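Written out below as structure tokens is the structure these notes cover.
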Amino acid sequence: IQRFGIEKWSEGYFNVNDDGEVVVHCGGQTLPLVQVIDAARQMGLSTPLIIRFPFFIGEQIKKFYRAFEHARKEFNYQGEHKAVFPIKVNQNRHVIERLLHYGQDFSYGLEAGSKAELFAVLISDTPDDALITCNGFKDRDFLDLAVVGKQLGKDICVIIEGVEELEGLIEIYRRAETIPSIGFRIKLSARGSGKWEKSSGEGAKFGLTSTEILLAIDLLRKHDLLGKVNLLHFHIGSQITNVRTMKRAIREAGVLFAEIAKLGLNIQYMNIGGGIGVDYSGSKSSTVASAEYSIEEFANDVVFTMEEMCQKHGLRRPGIVTESGRVIAAYHAVVVTDLVEIMGAEYDLSHYQPTSNLVKPVVELKYVLDYMNEKNYIEYYHDALEFKEDLRTMFTLGLCSLVDKSNGEILFQEIVEKTIEIALRRGENFERDPFLRKFLAEKYLCNFSVFNSIPDSWAIRQLFPIMPLKHLEKPCDNFGVITDITCDSDGTIGAYQSFDEATDSEYLPLHHEMDDYPVGIFLTGAYQEVLANKHNLLGQMNEISVDFDEEGKLEIVSSEQGDTVKDVLNDMRYDDAFINNQAKKCFQGLNNPKLFRRFRSYLNSYTYMTKDPHE
Ligand code: PLP
Numbered sequence: 011i012q013r014f015g016i017e018k019w020s021e022g023y024f025n026v027n028d029d030g031e032v033v034v035h036c037g038g039q040t041l042p043l044v045q046v047i048d049a050a051r052q053m054g055l056s057t058p059l060i061i062r063f064p065f066f067i068g069e070q071i072k073k074f075y076r077a078f079e080h081a082r083k084e085f086n087y088q089g090e091h092k093a094v095f096p097i098k099v100n101q102n103r104h105v106i107e108r109l110l111h112y113g114q115d116f117s118y119g120l121e122a123g124s125k126a127e128l129f130a131v132l133i134s135d136t137p138d139d140a141l142i143t144c145n146g147f148k149d150r151d152f153l154d155l156a157v158v159g160k161q162l163g164k165d166i167c168v169i170i171e172g173v174e175e176l177e178g179l180i181e182i183y184r185r186a187e188t189i190p191s192i193g194f195r196i197k198l199s200a201r202g203s204g205k206w207e208k209s210s211g212e213g214a215k216f217g218l219t220s221t222e223i224l225l226a227i228d229l230l231r232k233h234d235l236l237g238k239v240n241l242l243h244f245h246i247g248s249q250i251t252n253v254r255t256m257k258r259a260i261r262e263a264g265v266l267f268a269e270i271a272k273l274g275l276n277i278q279y280m281n282i283g284g285g286i287g288v289d290y291s292g293s294k295s296s297t298v299a300s301a302e303y304s305i306e307e308f309a310n311d312v313v314f315t316m317e318e319m320c321q322k323h324g325l326r327r328p329g330i331v332t333e334s335g336r337v338i339a340a341y342h343a344v345v346v347t348d349l350v351e352i353m354g355a356e357y358d359l360s361h362y363q364p365t366s367n368l369v370k371p372v373v374e375l376k377y378v379l380d381y382m383n384e385k386n387y388i389e390y391y392h393d394a395l396e397f398k399e400d401l402r403t404m405f406t407l408g409l410c411s412l413v414d415k416s417n418g419e420i421l422f423q424e425i426v427e428k429t430i431e432i433a434l435r436r437g438e439n440f441e442r443d444p445f446l447r448k449f450l451a452e453k454y455l456c457n458f459s460v461f462n463s464i465p466d467s468w469a470i471r472q473l474f475p476i477m478p479l480k481h482l483e484k485p486c487d488n489f490g491v492i493t494d495i496t497c498d499s500d501g502t503i504g505a506y507q508s509f510d511e512a513t514d515s516e517y518l519p520l521h522h523e524m525d526d527y528p529v530g531i532f533l534t535g536a537y538q539e540v541l542a543n544k545h546n547l548l549g550q551m552n553e554i555s556v557d558f559d560e561e562g563k564l565e566i567v568s569s570e571q572g573d574t575v576k577d578v579l580n581d582m583r584y585d586d587a588f589i590n591n592q593a594k595k596c597f598q599g600l601n602n603p604k605l606f607r608r609f610r611s612y613l614n615s616y617t618y619m620t621k622d623p624h625e
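Numbering (the UniProt record's numbering), first residue to last: 11 to 625.
Okay, structure coming up:
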């Protein structure tokens, strides 16, 4: 059974069964993903498809809360723990609804970073005692919306990013006679670790400097509003690769906390932001696609350091607010794509075309192929690399024909295959030779868009675990690179989860020649859908949600159609009237209503490749 390191990166949510299929695991029940795909197909929803498992959000919330509860007991920490989910991680209504459902026992709150996000938060069913935090840069409308939220009875904290924001809030307060709680986002010199470390440090985009904090306090004192400040916030970046950076940040924030307390402020919460990393590569290391600590270790370190810093500065224990979203949402979504074709080198000696006048590199390559043996194969293989390069140069200079070039490439391919055959016979690991791997790796063209489904893979080379969803009972007999259907050479995945070693891989072991080959891209529930773009107008994918039904059985609970041609055109401002007018104009004088209808019917076609022709 081929496992693709699944037990290392799936947190136990996914596994492979004895039939070689990936299964989802929950509450003692298992369900093969291929069954979900079949059910979706019967509902008219073909791949590519997002499958959501909202109960994993629930499981992650439980894990997270329990870790903090355990740590609070362990270190006898008297402050409470409150969590909010930053909806920028995934604003999808169904996701937020299920998150609030699973989080209600823990009074899970939400964080908003823009007006639209705050509006979505305010109309969500957050529990009465849940905290709502507002981050990001805020105009008057944003601040006013927060004040309305307060008037609706929500426990809202506006986290101030600058003194001007505070002035705006005070102005609204004087009119509305009510004001939400106020938090200060502080700028720390401690930096996070990993790809998002720029979120902190002295040059960071966010946070009040010492001078700004003093100015803000003066302003609040002047309006008799000092009592409204109840939270200090920092965020040292998403996907922290090692937890020591968080400890350093808490210690630094502790000093500020103590200084601010001396100025007469009664801060009740320390909001440590997000940061918990997801182990995408399954390597449990401090590399960027991984995290070398568990949620439990993170919680222990945070609570211990908070206790330590309160003892040191003689402070009352503040409540700890967390804003982690990635680790809560990442596991719940899987993108399922399907193999369209394997784009490999499909030629052999039968394609060789004899010529009367052989050019030198071709003569040499022929010699290498004929005389390569167990003793000389490494040396001969290296020679062949050189002859192939010579041939390429000759062709570029116009010194040989296309037939010569093709003959040379065919011979070279045969040489590589012979090299591997000999290496295997001798029990040597040819896979370690990066050139051989690269040469052998074939492009697996899959029906999806990197830009739409895993934009972080393109933008910042983030890694997502990928594997076939069936046929895993058979050994992999090929190497592949997953390529999407966009007209863009960046639409290729360049890094894959690690298997045996702590290094990521550039190629994925895959199967040759498969008709029905669904491929899953895992851990895509955080950020990917929201950062997605419409490159090539490949829009949102079909969606299906699997959750527990009322009897506690795993069932498909909802589905959502993906974008049609018309949907994506509408998004780009081709409104219906414009489309109609232009289409009519194109067909003017043709007098072919049948063709016109056929043309128009494509507006309802799924934007991705479909197996069944449209008509
Ligand atoms: N809070 C703030 C202020 C953020 O900017 C972010 C995202 O970077 C988060 C929370 C979410 O953090 P994470 O992605 O680590 O869950």
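Glycine included, each C-beta is placed from N, C-alpha and C at the ideal position.
Model, not experiment: these values are computed from the prediction.
Scanning the region 54-119 from its first residue to its last, the whole beta strand (DSSP E) runs of 3-plus residues come out as 59-62 and 91-96. With contacts defined by Cβ atoms closer than 8 Å, L450 and F489 form a contacting pair. S555 sits in a strand when the DSSP states are folded into three classes.
With 5 Å as the limit between CB and the heavy atoms of the ligand PLP, the residues that fall short of it are P96, N145, H245, S248, G283, G284, G285, E333, S334, G335 and R336.
Put simply, the backbone Cα of E452 is about 7 Å away from that of I352.
Taken in chain order, the whole beta strand (DSSP E) runs of length 3 or more contained in the region 20-49 are 24-26, 32-36 and 39-42. Residue burial is scored here from C-beta neighbours: E539 has at least 16 other C-beta atoms within 10 angstroms and is therefore classed as buried.
As a beta-bridge residue in DSSP terms, G329 pairs with Y279.
If the five residues before and after N462 are omitted, its C-beta is found closer than 8 Å to the C-beta atoms of A542, N543, K544, H545, L548, G549, Q550 and M551, all from its own chain and listed in chain order. Cβ-Cβ separation between M256 and S569: approximately 39 Å, too far for a contact (criterion under 8 Å). Exclusion of the five residues before and after K398 leaves P371, L375, G418, E419 and F422 as the residues of its chain whose Cβ lies within less than 8 Å of its Cβ.
Under the 8 Å Cβ criterion, the region 275-286 counts as touching the region 332-343, having at least three qualifying pairs. Boundaries cannot be given for L547, as no beta strand (DSSP E) includes it and DSSP labels it neither H nor E.
Under the three-state reduction of DSSP, Y454 is assigned to strand.
The alpha carbon of L198 has as its nearest neighbour, out of F216, F609 and E84, the alpha carbon of F216. Annotation: the continuous beta strand (DSSP E) that includes S568 extends over L564 to E570. Each of G193, Y303, T617 and C320 was checked against the Cα of L275, and the nearest Cα belongs to G193.
N614 carries a helical assignment under DSSP once its states are collapsed to helix, strand and coil. Here C144 carries a strand assignment [DSSP, helix/strand/coil]. By the beta-carbon neighbour count (other beta carbons within 10 angstroms, threshold 16), S366 is exposed. The region 149-198 is shown to contain whole alpha helix (DSSP H) runs of 4 or more residues at 150-161 and 173-186, in chain order. In the structure shown, the three-state DSSP call for G530 is strand. Per DSSP, the continuous beta strand (DSSP E) segment holding E351 begins and ends at A343 to M353. One alpha carbon belongs to M280, the other to N310, and they sit about 16 Å apart. Judged by DSSP in its simplified three-state form, M524 adopts coil rather than helix or strand. Secondary structure note for M477: its beta strand (DSSP E) is the uninterrupted segment I476 to P478. The beta-carbon separation of A339 and R62, rounded to 10 Å, does not stay under the 8 Å limit for a contact. Note that the region 167-183 does not touch the region 124-139; fewer than 3 beta-carbon pairs, one per stretch, sit closer than 8 Å. Looking from the CA of R258, the closest CA among F314, A226 and E302 belongs to F314.
Beyond the five residues adjoining it in sequence on each side, D559 comes within less than 6 Å, by CB distance, of E565 in the same chain, given in chain order. The way I'd put it, the region 294-306 doesn't touch the region 21-34; fewer than three beta-carbon pairs between them come closer than 8 Å. At least 8 Å separates the beta-carbon of V413 from that of P478. Our two residues, R103 and P64, have alpha carbons roughly 12 Å apart in a direct line. By the neighbour-count criterion, in which a residue is buried when 16 or more other Cβ atoms sit within 10 angstroms of its Cβ, C497 is exposed. By the C-beta criterion, the region 143-152 is judged to be in contact with the region 115-125, since at least 3 inter-stretch pairs fall below 8 Å.
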